Amino acid sequence: MLGKTYKISVKISLVKFISDNKPSKPKIQGNLNIMVDSHSDLTCSSSSTTAPDYYARLHPLSYTWYVNNTKRGETSKTLRVYVTRNHKYNQYSCTARDKLESDRSDPVEFNTLYTPDKLKIFPEPRLNINDKLTVKEGDYIGPYTCTADCNPPCDITWKYKVSTSDRFLDVASTGLLDSQIVHRSIAVFRCISKYDPDSGFKKIESIELDVFCR
Numbered sequence: 001m002l003g004k005t006y007k008i009s010v011k012i013s014l015v016k017f018i019s020d021n022k023p024s025k026p027k028i029q030g031n032l033n034i035m036v037d038s039h040s041d042l043t044c045s046s047s048s049t050t051a052p053d054y055y056a057r058l059h060p061l062s063y064t065w066y067v068n069n070t071k072r073g074e075t076s077k078t079l080r081v082y083v084t085r086n087h088k089y090n091q092y093s094c095t096a097r098d099k100l101e102s103d104r105s106d107p108v109e110f111n112t113l114y115t116p117d118k119l120k121i122f123p124e125p126r127l128n129i130n131d132k133l134t135v136k137e138g139d140y141i142g143p144y145t146c147t148a149d150c151n152p153p154c155d156i157t158w159k160y161k162v163s164t165s166d167r168f169l170d171v172a173s174t175g176l177l178d179s180q181i182v183h184r185s186i187a188v189f190r191c192i193s194k195y196d197p198d199s200g201f202k203k204i205e206s207i208e209l210d211v212f213c214r
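UniProt numbering numbers the first residue of the sequence shown as 1 and each following residue consecutively.
Structure (structure tokens):
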């Protein structure tokens with residue numbers, strides 16, 4: 001009718017459709033180059049491929065961690081690991097879940113860094129009751145190989161000292177000590193291991209000689 005105004009109220013509901021696609025393939029981040037006997041935090045990073053940001057903030061993803069394909073009980077985004085030498089070959093991976101579970105992340109491994117517990121000399125010298133190697137003057141000893149289990153590899157050298165001096169002299173720049181002719185003045189051969197990440201670290205294994213004349 002003319003002269004009359006009508007108000008029409010219309011309600012429009014906007015529905016944001018959230019599909020059930022699985023989250024993105026996670027990536028693991030964290031400090032993988034780490035000294036043993038310390039902690040490292042690994043983070044599993046993934047995101048929803050369909051949900052809007054506000055939904056993702058209100059409904060965070062849950063996570064599953066695997067060590068060597070064995071499922072762990074943790075469901076948080078971050079996994080704290082106390083790293084020892086036994087973790088050297090462990091592989092860590094994770095998945096993320098919203099309504100569906102993501103693909104498994106690529107596995108990561110720790111590059112465990114450690115100093116040697118001790119040095120080993122092969123073949124093992126046959127020492128006398130005084131813990132010395134009995135040898136005749138003019139005879140040969142060796143060859144000997146000195147090894148150290150450390151990561152990164154240690155620098156290994158051999159030195160020797162004569163009985164009339166306190167100085168050690170270089171005799172080999174690697175872990176291999178070739179056959180050495182023995183003089184009565186030689187008192188000891190020494191294997192020395194140094195570890196680059198720790199300039200103050202040094203480990204020593206010695207072969208003391210008990211030299212007698214022919």
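Heads up, the beta-carbon is just placed ideally off N, CA and C, and yes, glycines get one too.
All values derive from a computational prediction rather than experimental measurement.
Taking the C-alpha atoms as reference points, what is the distance between residue i and residue j?
i	j	result
serine 40	arginine 167	43 Å
phenylalanine 212	leucine 133	11 Å
isoleucine 18	tyrosine 63	With a pLDDT of only 47 at isoleucine 18, under the threshold of 50, the placement of this residue in the model should not be trusted, and no figure is reported.
asparagine 86	alanine 187	39 Å
valine 81	lysine 136	55 Å
tyrosine 140	serine 179	6 Å
valine 15	threonine 78	Its pLDDT being 42, under 50, valine 15 is placed unreliably in this model, and the coordinates cannot settle the point.
cysteine 150	phenylalanine 189	22 Å
phenylalanine 110	lysine 161	41 Å
valine 108	serine 199	29 Å
tyrosine 195	leucine 209	27 Å
cysteine 154	alanine 148	7 Å
glutamate 124	methionine 35	30 Å
proline 197	glycine 73	35 Å
threonine 84	serine 38	8 Å
histidine 183	isoleucine 156	24 Å
isoleucine 181	asparagine 69	55 Å
proline 152	tyrosine 114	8 Å
asparagine 31	serine 173	33 Å
lysine 202	aspartate 117	11 Å
In this structure, how does DSSP classify residue i when only helix, strand and coil are distinguished?
i	result
arginine 97	strand
asparagine 90	coil
arginine 167	coil
arginine 80	strand
arginine 190	strand
Using C-beta distances below 7 Å, list every residue in its chain close to residue i, excluding the 5 sequence neighbours before and after it, in chain order.
i	result
proline 26	Cys44, Ser45, Ser46, Cys94, Thr95, Ala96, Ser102 and Ser105
lysine 159	Phe168, Leu169, Asp170, Val171, Arg190 and Ile192
glutamate 205	Leu119, Ile121, Cys146 and Cys191
serine 185	Val162, Ser163 and Thr164
Quick one: using the 10 Å Cβ neighbour count with 16 as the cut-off for buried, is residue i buried or exposed?
i	result
glycine 175	buried
glycine 142	buried
glutamine 29	exposed
aspartate 98	buried
leucine 127	exposed
threonine 75	exposed
isoleucine 129	exposed
leucine 61	buried
threonine 164	exposed
leucine 42	buried
Who are the near neighbours of residue i in its chain, counting only those whose CB is closer than 8 Å to its CB and skipping five residues on each side?
i	result
valine 67	Asn90, Gln91 and Tyr92
lysine 71	Thr64 and Trp65
threonine 49	Asn21, Lys22, Pro23 and Ser24
leucine 177	Gly142, Pro143, Tyr144, Thr145, Cys146, Trp158, Val171, Phe189 and Cys191
aspartate 131	Glu208
leucine 100	Asp20, Asn21, Lys22 and Pro23
Between which residues of its own chain and residue i is the CB-CB distance below 6 Å, once the five residues before and five after are set aside?
i	result
asparagine 33	Asn111
isoleucine 207	Pro125, Leu133 and Phe189
lysine 88	Thr112
glycine 138	none
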